[in-house]
Each structure stands twice: as structure tokens, then as C-alpha cells.
Amino acid sequence: MNFLKIKHLIFFLFIIFSSFQEIPKSEISIVWYGDSTTQGAHVSLDKPWYSFVWRVTDFFKKNLKVKTLNKNLGFPGWSTKNALVNIDVLLKETFDYVFLEFALNDTNIDSGEIIFNLKQIVKKIKNKNKDVKICLILLNKVDGLKKRKNNIIEPTTLAWIKVGKELNIQTIDVGYYLLKLSKDKEFYKSIIPDGVHPNDMGHFIYSSIII
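Under numbering that gives the first Met the number 0, the first residue of the sequence shown carries the number 0, and numbering increases by one thereafter.
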């Protein structure tokens with residue numbers, strides 16, 4: 000079994016077993032709280048289903064065989080600092096699953112503040128709904144991937160991983176799996192042409208890594 004199959008199994012168990020912790024539902028609610036990549040930046044306007052958010056939500060629908068209520072709260076330029084300050088936009092409703100993705104804009108924030116922000120965000124989400132399932136989606140810019148290729152991990156990445164481990168939250172380190180797929184910097188540039196936002200193929204690969 001290769002690494003992607005193992006990762007796929009872990010995520011599959013995450014959604015399947017978490018759904019058995021309560022009376023089975025005919026529908027589940029999912030929210031994506033993140034930055035412009037979550038919003039779908041650089042996805043072809045006539046093909047919104049290329050977005051990794053769209054494809055992962057479809058995965059839920061097909062594997063849990065339920066109706067999915069999906070909400071995209073992606074805000075360009077937002078970091079965990081913005082996410083915490085504006086947390087009320089998320090807490091207006093209650094969701095079964097919450098996906099968090101802000102690492103791309105956390106690179107200019109001190110790692111200690113990132114850890115504080117993330118922990119407070121998780122705490123407030125759980126205070127709203129103690130049964131919520133939270134997943135951290137950790138993305139890297141091309142520069143960050145180049146560093147990771149040389150075994151240099153940015154403080155931002157380490158901070159997100161640390162919070163995931165300490166709070167026992169499912170964390171999907173997309174950059175880690177991209178490096179497993181290829182260590183060619185030209186490959187990174189081809190799917191993240193501006194160095195930050197994935198294109199259609201990038202979104203496809205991200206979603207394939209996540210699910």
C-alpha cells in the first residue's frame with residue numbers, strides 16, 4: 000500500500016467513524032473557513048467543480064451517502080489572525096465538519112501567535128458545538144516547498160503541525176505529500192504558477208491528496 004493510499008484510508012476513516020458517533024443523519028453540514036485558495040482563487044470560472052473544496056465535499060456525499068450542506072467562507076488575504084478576529088462569521092451557524100486553511104497567509108506572523116490563534120479558533124468552534132469534527136488543511140507556497148525539499152521547514156508549517164498534534168485534530172499536510180509526488184521545483188511552478196495559488200490542475204492534485 001503506497002503513501003497516498005494510506006493517507007486516503009486515514010481521511011476515509013476520519014469521516015466514516017466520526018459520523019457513527021451519533022445517530023446517523025440524512026444530511027451533514029460542512030464549512031470551509033480559509034483564505035483565497037479556499038475561496039477558489041485561480042480556478043477556471045466556467046469550471047468551479049475543479050476547486051479542491053468542491054471535490055472533497057463530493058467525496059463526503061458519495062462515501063457517507065447523505066445530502067451535504069456546504070458553505071465556503073474563503074476570504075482573500077486572511078490569516079489565522081483575521082480568522083480569529085472575525086470568528087463570528089463562522090459561529091453564526093453550527094456545522095458538523097469544519098475545515099481550516101490559513102497557513103498561506105500566516106508566513107509573516109510569529110509562530111507563537113499562530114499557535115495561539117489556531118487554538119483559540121478551535122476552542123471557540125468547540126464551544127459552539129462540542130461534537131464538531133475539525134480538520135486542518137496545511138498548504139505551502141512554492142518557496143516553502145523548495146525549502147522543505149532541502150529539509151528546511153518553515154515556522155508556520157511547524158506551528159500548524161504542533162497545534163494539530165497537541166489538540167489531536169486531523170491535519171492534512173498537503174506540502175508533505177506534494178514532496179512525495181515530486182521534488183522537481185518546475186512541477187510546483189506548473190501547478191502553483193504565481194507561487195501561492197494552485198491552478199485547475201493544482202486544485203485537482205490538492206483534492207486528490209486530501210481524499
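Glycine included, each C-beta is placed from N, C-alpha and C at the ideal position.
This structure is a prediction, so every number in the text was calculated from the model and none was measured.
Pick from 176, 64, 89 that is closest to residue 73, judged by C-alpha positions
Position 74 of the sequence shown, counting from 1, holds the residue named residue 73. Closest option to residue 73, Cα to Cα, is 89.
Does chain D have any CB closer than 8 Å to the CB of residue 179?
Absent from the structure is chain D; it holds one protein chain and no more.
As a quick exercise: from 120, 84, 65, 61, pick the residue whose alpha carbon is nearest that of residue 134.
As a position in the sequence shown, residue 134 is number 135, starting the count at 1. Of 120, 84, 65, 61, the residue nearest in Cα terms is 120.
Where residue 151 falls, given that 16 or more other Cβ within 10 Å makes a residue buried
Position 152 of the sequence shown, counted from the start, is the residue given in the question as residue 151. Flag for residue 151 reads exposed.
Decide if residue 109 is buried, meaning its Cβ has at least 16 other Cβ atoms within 10 Å, or exposed.
For the purposes of this step, residue 109 is taken as the residue at position 110 of the sequence shown. By the 10 Å Cβ count, residue 109 comes out exposed.
When you compare the segment 139-148 with the segment 184-193, are there three or more beta-carbon pairs, one atom per stretch, that lie closer than 8 Å?
yes
Identify the continuous alpha helix (DSSP H) that holds residue 187 and give its terminal residues.
In the sequence shown, the residue the question calls residue 187 occupies position 188. Note, residue 187: alpha helix (DSSP H), 184-190.
What does the alpha-carbon distance come out to for the pair residue 113 and residue 160?
Residue 113 sits at position 114 when you count from the first residue of the sequence shown. Residue 160 sits at position 161 when you count from the first residue of the sequence shown. Each residue's Cα considered, the two are about 11 Å apart.
Quick one: using the 10 Å Cβ neighbour count with 16 as the cut-off for buried, is residue 34 buried or exposed?
Residue mapping note: residue 34 aligns to position 35 of the sequence shown, counting from 1. Residue 34 should be labelled buried.
Among 170, 107, 131, 128, whose alpha-carbon lies nearest the alpha-carbon of residue 140?
The sequence position of residue 140 within the sequence shown is 141, counting from 1. Of the listed residues, the one whose Cα sits closest to residue 140 is 107.
7 Å CB neighbourhood of residue 201 in its chain, flanking five on each side removed
As a first step, residue 201 must be located in the sequence shown, where it is residue number 202. The beta carbon of residue 201 sits closer than 7 Å to the beta carbons of 190, 191 from its chain, once the five residues preceding and following it are set aside; these are given in chain order.
Keeping to the same chain, check which residues put their C-beta closer than 8 Å to that of residue 22; ignore five residues upstream and five downstream.
Position 23 of the sequence shown, counting from 1, holds the residue named residue 22. The pLDDT assigned to residue 22 is 46, lower than 50, so where the model puts this residue is not dependable; a value taken from the coordinates is nonetheless given after this. Excluding positions up to five away in sequence, the list is empty.
Distance CB(residue 209)-CB(residue 51) smaller than 8 Å
The residue given as residue 209 occupies position 210 in the sequence shown. The residue given as residue 51 occupies position 52 in the sequence shown. Their beta carbons are under 8 Å apart, which means residue 209 touches residue 51 by this criterion.
Rounded to whole angstroms, what is the Cα-Cα separation between residue 104 and residue 25?
By 1-based counting over the sequence shown, the position of residue 104 is 105. By 1-based counting over the sequence shown, the position of residue 25 is 26. Distance between the alpha carbons of residue 104 and residue 25: 36 Å.
By the three-class DSSP mapping on this structure, what secondary structure does residue 211 have?
In this structure the chain extends from 0 to 210, so residue 211 is not present and cannot be described.
Look at the alpha carbon of residue 43 and the alpha carbon of residue 158, and state the distance between them as a whole number of angstroms.
In the sequence shown, counting from the first residue as 1, residue 43 sits at position 44. In the sequence shown, counting from the first residue as 1, residue 158 sits at position 159. So the two alpha carbons sit approximately 32 Å from each other.
Exposed or buried, what is residue 204 when buried is set at 16 or more other beta-carbons lying within 10 Å of its beta-carbon?
Indexing the sequence shown from 1 puts residue 204 at position 205. It is buried - the Cβ of residue 204 has at least 16 other Cβ atoms within 10 Å.
Less than 8 Å separating the beta-carbons of residue 80 and residue 116?
Position 81 of the sequence shown, counting from 1, holds the residue named residue 80. Position 117 of the sequence shown, counting from 1, holds the residue named residue 116. The answer is yes: Cβ separation under 8 Å.
Would you say residue 196 and residue 37 are within 8 Å of each other, going by their C-beta atoms?
In the sequence shown, counting from the first residue as 1, residue 196 sits at position 197. In the sequence shown, counting from the first residue as 1, residue 37 sits at position 38. Not a contact, by the Cβ cut-off of 8 Å.
Nearest candidate by alpha-carbon position, reference residue 71, set 63, 127, 96
For the purposes of this step, residue 71 is taken as the residue at position 72 of the sequence shown. Comparing Cα positions, the closest option is 96.
Taking the alpha helix (DSSP H) that residue 142 belongs to, which residues open and close that run?
Here residue 142 corresponds to residue number 143 of the sequence shown, with the count starting at 1. Unbroken alpha helix (DSSP H) run through residue 142: 141-148.
How would you label residue 216, buried or exposed, when you count the other beta carbons within 10 angstroms and need 16 or more for buried?
One cannot answer for residue 216 here, as it falls past the ends of the chain, which runs 0 to 210.
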